[in-house]
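Novice:
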Amino acid sequence: MRLGFLSLFGLTFALPAAAQDITLRLPVACEIGRSCFIQHYVDRDPTPGASDYQCGTLTYDTHDGTDIRVPNMAVQKAGVDVVAAADGKVASTREGVPDAFVKEEDRERISQIGCGNAVVIDHGNGWRTAYCHMAKGSLTVRSGREVKAGDKIGQIGLSGLTEFPHLHFTLIKDGKPVDPFAYGAPEKSCGGGTSLWEASLQRALAYQGGSVLNKGFAPGPVTMEAIESGAAEQDPPTTKSPALVAYVRAIGLKGGDVQTLTLFDPDGKPLAQNKAPPLDRAKAQWMAFAGVKQPQGGFRPGLYRAIYQVERDGKPAIEQAFGISLRP
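Here the sequence shown stands for residues -19 to -1, 1 to 309, numbered as in mature numbering (1 follows the signal peptide of the UniProt record, and there is no 0).
Right, here's the structure in full:
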């Protein structure tokens, strides 16, 4: 059998070169669109530009995998399992890389171990999968171990070259990364090819041109850091709070998108609205908020609602409604 060699983030291993389809299960124990989200797809554009398999902007130049992220660091620290996407044998692992947000001054050094804590699984017939950025100390497998689809191999972390808690999942065929959403599709094509995800995942993994990652209410100003750490969720407002602020963090927005966030009182009357100007370019993530100060005597008890809307090319693209019951 002819063997090739692949070097992925410093992990080098031999690869068989036969051909056979593979069926994948979700490599993270989460629910897409609720407890985890796809941030990036494989870059299908061979030029210095970047394009995902639907000719969208949810990727970046030379990105060779699928990034599945969790909502914030609080969720990551609570533990989210990474599982084998298919039956196979562990080919290699790396451990001991600390979990930390990458700093610009450390980027070149960390790029040598960019995959962070990682597992590579050989599925035979030229197929391999690689699982990157796992939490330090979370790996549960070693080289040579047989695994079944769904077996835990580690947990989502922040190791290696990463700026948010996620799993970078790469599918490899005969030594080359391929797109599990559009296997066999021509480069730069919009759609086409074959999805290699199991049938039960097809609806959940349908392409989304942007998603709401976080949403909620706070008793005062909200920062991106507070949303990322989970602190924004720890202090819910009451009728006596100094302010009532609705906030969202969205991912996958495009240049020209118009965002509107409106806060309503228990009678359905608008209390505050934030309509942002069109985005100047695509944004990996974006925060919006709208709120009011406490009125004299405090906020009236009841259900307060907020609606976040994104208009793209003159048409609705994203809409998310959420609410909170204020009590004394």
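For glycine and all other residues, C-beta sits at the position ideal for the given N, C-alpha and C.
To which residues of the same chain is N195 closer than 7 angstroms at the C-beta, ignoring the five residues directly before and after it?
Specialist: Translated into the one-based positions of the sequence shown, residue 195 becomes position 214. Counting only Cβ-Cβ distances below 7 angstroms, and skipping sequence neighbours, we find P52, N53, I208, V229, R230.
Novice: Taking the continuous alpha helix (DSSP H) assigned at A55, which residues delimit it?
Specialist: For the purposes of this step, residue 55 is taken as the residue at position 74 of the sequence shown. Its alpha helix (DSSP H) spans residues 54 to 59.
Novice: Using only CA atoms, which one of R6, P258, F145 lies nearest to F82?
Specialist: As a working mapping, residue 82 is identified with position 101 in the sequence shown. When only C-alpha atoms are compared, the closest one is F145.
Novice: Taking all protein chains shown into account, decide if K296 is buried (16 or more other Cβ within 10 angstroms of its Cβ) or exposed.
Specialist: Along the sequence shown, one-based indexing puts residue 296 at 315. By the neighbour-count rule (16 or more Cβ atoms within 10 Å), K296 is not buried but exposed.
Novice: For P309 and D26, I'd like the C-alpha separation in whole angstroms.
Specialist: By 1-based counting over the sequence shown, the position of residue 309 is 328. By 1-based counting over the sequence shown, the position of residue 26 is 45. Each residue's Cα considered, the two are about 55 angstroms apart.
Novice: For the 8 angstroms Cβ check, are there 3 or more pairs between the segment 142 to 158 and the segment 118 to 130?
Specialist: The segment 142 to 158 vs the segment 118 to 130: no contact.
Novice: Would you give the residue range spanned by the alpha helix (DSSP H) that E209 belongs to?
Specialist: Sequence index remark: in the sequence shown, residue 209 carries index 228 (1-based). Unbroken alpha helix (DSSP H) run through E209: 205 to 210.
Novice: What residues in its chain sit with their C-beta under 7 angstroms from that of D103, if we drop five residues either side in the sequence?
Specialist: Locating residue 103 in the sequence shown gives position 122, counting from the first residue. Counting only Cβ-Cβ distances below 7 angstroms, and skipping sequence neighbours, we find G69, K70, A72, R109.
Novice: What residue range does the beta strand (DSSP E) around D45 cover?
Specialist: Looking up residue 45 in the sequence shown gives position 64. Careful: D45 lies outside any beta strand (DSSP E) and carries neither H nor E.
Novice: Considering only residues of the same chain and omitting the five flanking positions on each side of I299, which have a CB-CB separation below 6 angstroms?
Specialist: Numbered from its first residue, the sequence shown carries residue 299 at position 318. So the list reads G191, V291, once near-sequence residues are dropped.
Novice: Pull up the CB-CB distance for D48 and G30, whole angstroms please, since I reckon it's below 8 angstroms.
Specialist: Position 67 of the sequence shown, counting from 1, holds the residue named residue 48. Position 49 of the sequence shown, counting from 1, holds the residue named residue 30. Actually they do not touch by this definition, with Cβ atoms about 19 angstroms apart.
Novice: Within 10 angstroms of the Cβ of G138, are there 16 or more other Cβ atoms? Answer buried if so, exposed if not.
Specialist: Against the sequence shown, residue 138 aligns to sequence position 157. Looking at its Cβ environment, which holds 16 or more other Cβ atoms inside 10 Å, G138 is buried.
Novice: Whole angstroms are fine: how far does the CA of A55 sit from the CA of G304?
Specialist: For the purposes of this step, residue 304 is identified with residue 323 of the sequence shown, where counting begins at 1. For the purposes of this step, residue 55 is identified with residue 74 of the sequence shown, where counting begins at 1. Rounded to the nearest angstrom, the two C-alpha atoms are 21 angstroms apart.
Novice: Between the C-alpha atoms of A180 and F162, what's the straight-line distance to the nearest angstrom?
Specialist: Sequence index remark: in the sequence shown, residue 180 carries index 199 (1-based). Sequence index remark: in the sequence shown, residue 162 carries index 181 (1-based). Spanning the two alpha carbons is a distance of roughly 12 angstroms.
Novice: Which residue comes first and which comes last in the beta strand (DSSP E) that contains T243?
Specialist: Translated into the one-based positions of the sequence shown, residue 243 becomes position 262. It spans 239 to 245 - the beta strand (DSSP E) in which T243 sits, taken as one unbroken run.
Novice: Are N255 and L234 close, meaning C-beta to C-beta below 8 angstroms?
Specialist: Locating residue 255 in the sequence shown gives position 274, where the first residue counts as 1. Locating residue 234 in the sequence shown gives position 253, where the first residue counts as 1. No, these two residues do not count as a Cβ contact at 8 angstroms.
Novice: Relative to the alpha-carbon of G60, which residue among G249, D294, V9 has its alpha-carbon at the smallest distance?
Specialist: Taking the first residue of the sequence shown as 1, we reach residue 60 at position 79. Nearest C-alpha to G60: V9.
Novice: At what residues does the beta strand (DSSP E) containing D24 begin and finish?
Specialist: Stepping through the sequence shown from its first residue, residue 24 is reached at position 43. D24 -> no beta strand (DSSP E), and no H or E assigned at all.
Novice: Using DSSP bridges, identify the partner residues of G105.
Specialist: Reading the sequence shown from its first residue, position 124 is the one you call residue 105. Answer by DSSP bridge pairing, in chain order: W108.
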